[in-house]
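K.L.:
Please read through the structure below; I'll follow up with questions.
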Amino acid sequence: MSKPVPVVALIVPPRTSAFHFAVPLMVFSMELAEGHLFDLKVIAPGGQPLQAERALTVVPDGGLELTETADILVVPSWHDLDTPPQSDLVDALVRAHARGADVVGLCYGAYALAYAGLLDGKRAATHWMGEQDFGKRFPGVKLDMNALYVEEDGLITSAGTGAGLDCCLHIVRKYYGSKVANKVARMMVIPPHREGGQAQFIEQPMAFSTQDAQINRLLDYLRANIAKQHTVEDLAARTSMSRRTFTRHFSKATSMTLVEWLVNERLQRARELLESTSLPVEKISDVVGFQTPVSLRQHF
18 MSKPVPVVAL IVPPRTSAFH FAVPLMVFSM ELAEGHLFDL KVIAPGGQPL QAERALTVVP
78 DGGLELTETA DILVVPSWHD LDTPPQSDLV DALVRAHARG ADVVGLCYGA YALAYAGLLD
138 GKRAATHWMG EQDFGKRFPG VKLDMNALYV EEDGLITSAG TGAGLDCCLH IVRKYYGSKV
198 ANKVARMMVI PPHREGGQAQ FIEQPMAFST QDAQINRLLD YLRANIAKQH TVEDLAARTS
258 MSRRTFTRHF SKATSMTLVE WLVNERLQRA RELLESTSLP VEKISDVVGF QTPVSLRQHF
């Protein structure tokens, strides 16, 4: 007897974007030579057509009652970060997780899962632009801002926008293995697995300035002298502080240790040079303060 096709409930929030909706729609409705991989149901609370962005209207297969038999529930995005899901959607997500279904929040769809309380104490991902807001709203969630997607206890969340594709391919891989996931990736002309996390896409991964004027002047000095080697003792003396006071001030102002800040700043500078110049790696490692090309590659 053949294995039943997993049922996917794609839950459409109000004012969804075409891209966020289309990614899981395409992946989970794909048909291979051996047939459909998933039985996709498009769902809107209330079962009524929904107006999406611009001229797009989504006509669902039904309402939340269809989630009761789904193996996978997907919230592809979230329309308003200040607005919790309605109680019927929260109940559907919680019941699905309790009976062992996979519950997925792509990009800001992680907010719906977090509002439902499902992510408390769990690792999760969301778009890097929502990091501070998400952290303040849901302090009990272990937010991983470098991962493209995270799975824990049947709860699957992804980073922003394009990472939804990575996450959906992960789900295909989970249910059917790498061979089938690779075939889906080839049909969509995308890599079956991307290396690295979303930190590589953040335009400026650290604040350019802080609320501490003395530390700001020091950061300006460090950026102007990024190729030099710096010690805590030297920089503490430069700011007329003891080592302990300097360490405390620097950590409070930047939320990083000196070493972490220097590595991040050097990596950012190296990335800019790799993208905008033809300098060899050996020269770039020198210019940004990594003492050897091997050190640059290891940190990269």
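Residues in the sequence shown are numbered consecutively from 18, following this note's numbering. For every residue, glycine included, the Cβ atom is placed at its ideal position computed from N, Cα and C. All values derive from a computational prediction rather than experimental measurement.
Quick check on Lys20: buried or exposed, where buried means 16 or more other Cβ atoms within 10 Å of its Cβ?
P.N.:
Here residue 20 refers to the residue found at position 3 of the sequence shown. Looking at its Cβ environment, which holds fewer than 16 other Cβ atoms inside 10 Å, Lys20 is exposed.
K.L.:
Tell me, which residues are paired with Asp56 by DSSP?
P.N.:
For this step, residue 56 is matched to residue 39 along the sequence shown. According to DSSP, Asp56 bridges with Val24.
K.L.:
Kindly identify the DSSP beta-bridge partner or partners of Ser175.
P.N.:
What you label residue 175 is simply residue 158 of the sequence shown in a count that begins at 1. DSSP output for Ser175 lists Tyr166 as bridge partner(s).
K.L.:
Check each candidate in Ala244, Glu48, Thr262 and name the one with the smallest Cα separation from Glu250.
P.N.:
Against the sequence shown, residue 250 aligns to sequence position 233. Residue Thr262 is the option with its Cα nearest to Glu250.
K.L.:
Could you give the residue range of the beta strand (DSSP E) that holds Val92?
P.N.:
Along the sequence shown, one-based indexing puts residue 92 at 75. Note, Val92: beta strand (DSSP E), 89-92.
K.L.:
Identify the continuous beta strand (DSSP E) that holds Leu122 and give its terminal residues.
P.N.:
Here residue 122 refers to the residue found at position 105 when the sequence shown is read from its first residue. Per the sequence presented here, residue 122 reads as Gly, with Leu not at that position. Start and end: 119-122.
K.L.:
Closest to Val29 by C-alpha separation, out of Asp78, Phe55, Met47, would be which residue?
P.N.:
Stepping through the sequence shown from its first residue, residue 29 is reached at position 12. The residue with the shortest Cα to Cα distance from Val29 is Asp78.
K.L.:
Under three-state DSSP, which class holds Leu49?
P.N.:
One-based indexing of the sequence shown puts residue 49 at position 32. If DSSP states are grouped into helix, strand and coil, Leu49 belongs with the strands.
K.L.:
Since His114 is in the alpha helix (DSSP H), which residue starts that stretch and which ends it?
P.N.:
In the sequence shown, residue 114 corresponds to position 97, counting from 1. That run of the alpha helix (DSSP H) goes 104-115.
K.L.:
Between Ala127, Ile301, Val76, Ala287, which lies nearest to Val91 when the distance is taken from Cα to Cα?
P.N.:
If you number the sequence shown from 1, residue 91 lands on position 74. The candidate whose alpha carbon is nearest that of Val91 is Ala127.
K.L.:
Going along the chain, which residues of its own chain have a beta-carbon closer than 7 Å to the beta-carbon of His37, five neighbours each way excluded?
P.N.:
Translated into positions along the sequence shown, residue 37 becomes position 20. Result list for His37: Pro93, Ser94, Leu123, Cys124, Gly181, in chain order.
K.L.:
Leu135 lies in the alpha helix (DSSP H); which residues open and close that run?
P.N.:
Within the sequence shown, the letter at position 118 stands for residue 135. Taken as a continuous stretch (DSSP letters only), Leu135 belongs to no alpha helix (DSSP H), as it is neither H nor E.
K.L.:
Is it true that the CB of Ala142 sits closer than 8 Å to the CB of Val167?
P.N.:
Within the sequence shown, numbered from 1, the residue matching residue 167 stands at position 150. Within the sequence shown, numbered from 1, the residue matching residue 142 stands at position 125. A contact, by the Cβ cut-off of 8 Å.
K.L.:
Measure the alpha-carbon distance for Gly64 versus Glu82 and round it to whole angstroms.
P.N.:
Here residue 64 refers to the residue found at position 47 when the sequence shown is read from its first residue. Here residue 82 refers to the residue found at position 65 when the sequence shown is read from its first residue. Gly64 and Glu82: Cα-Cα distance of roughly 9 Å.
K.L.:
Report the CB separation of Pro9 from Leu67 in whole angstroms; it is logged as a contact under 8 Å.
P.N.:
Only positions 18 to 317 of the chain appear in the structure, and residue 9 is not among them; the question remains open.
K.L.:
Here's the rule I'm using: 16 or more other beta-carbon atoms within 10 Å means buried, otherwise exposed. How should Gly157 be labelled?
P.N.:
As a first step, residue 157 is located in the sequence shown; it is residue number 140 there, counting from the start. Counting Cβ neighbours within 10 Å, Gly157 comes out exposed, since fewer than 16 surround it.
K.L.:
Excluding the 5 residues flanking Gly138 on each side, which residues of the same chain have their C-beta closer than 7 Å to its C-beta?
P.N.:
As a working note, residue 138 is residue 121 in the sequence shown. Around Gly138: Gly157.
K.L.:
Is the Cβ-Cβ distance between Ser34 and Glu70 less than 8 Å?
P.N.:
Along the sequence shown, one-based indexing puts residue 34 at 17. Along the sequence shown, one-based indexing puts residue 70 at 53. Yes. Within cutoff.
K.L.:
Is Phe151 near Leu165, with beta carbons less than 8 Å apart?
P.N.:
Translated into positions along the sequence shown, residue 151 becomes position 134. Translated into positions along the sequence shown, residue 165 becomes position 148. Cβ atoms of Phe151 and Leu165: not closer than 8 Å.
K.L.:
Report buried or exposed for Ser175, applying the criterion of at least 16 other Cβ atoms within 10 angstroms of its Cβ.
P.N.:
Residue mapping note: residue 175 aligns to position 158 of the sequence shown, counting from 1. When all chains shown are included, Ser175 counts as buried.
K.L.:
Could you please give the first and the last residue of the uninterrupted alpha helix (DSSP H) stretch that includes Ser295?
P.N.:
As a position in the sequence shown, residue 295 is number 278, starting the count at 1. Per DSSP, Ser295 belongs to no alpha helix (DSSP H) and is neither H nor E.
K.L.:
Quick one: residues in its chain with C-beta nearer than 8 Å to the C-beta of Pro43, no 5 flanking neighbours on either side, listed in chain order?
P.N.:
Here residue 43 is taken as the residue at index 26 of the sequence shown, counted from 1. Correcting the residue type first, residue 43 is Met in the shown sequence and not Pro. Excluding sequence neighbours, Met43 sits near Met205.
K.L.:
Rounded to whole angstroms, what is the Cα-Cα separation between Leu56 and Ala26?
P.N.:
Here residue 56 refers to the residue found at position 39 of the sequence shown. Here residue 26 refers to the residue found at position 9 of the sequence shown. Looking at the sequence provided, one finds Asp at residue 56 rather than Leu. When rounded, the distance between both Cα atoms is 9 Å.
K.L.:
In terms of residues, what are the limits of the alpha helix (DSSP H) holding Arg240?
P.N.:
Here residue 240 is taken as the residue at index 223 of the sequence shown, counted from 1. Counting along the chain, the alpha helix (DSSP H) containing Arg240 begins and ends at 230-241.
K.L.:
When you compare each of Gly117, Lys196, Thr256, Trp278 to Glu169 by their alpha carbons, which one comes out closest?
P.N.:
Numbered from 1 along the sequence shown, position 152 holds the residue referred to as residue 169. Residue Gly117 is the option with its Cα nearest to Glu169.
K.L.:
In whole angstroms, give me the CA-to-CA distance for Ala287 and Leu239.
P.N.:
Counted from its first residue, the sequence shown places residue 287 at position 270. Counted from its first residue, the sequence shown places residue 239 at position 222. Distance between the alpha carbons of Ala287 and Leu239: 15 Å.
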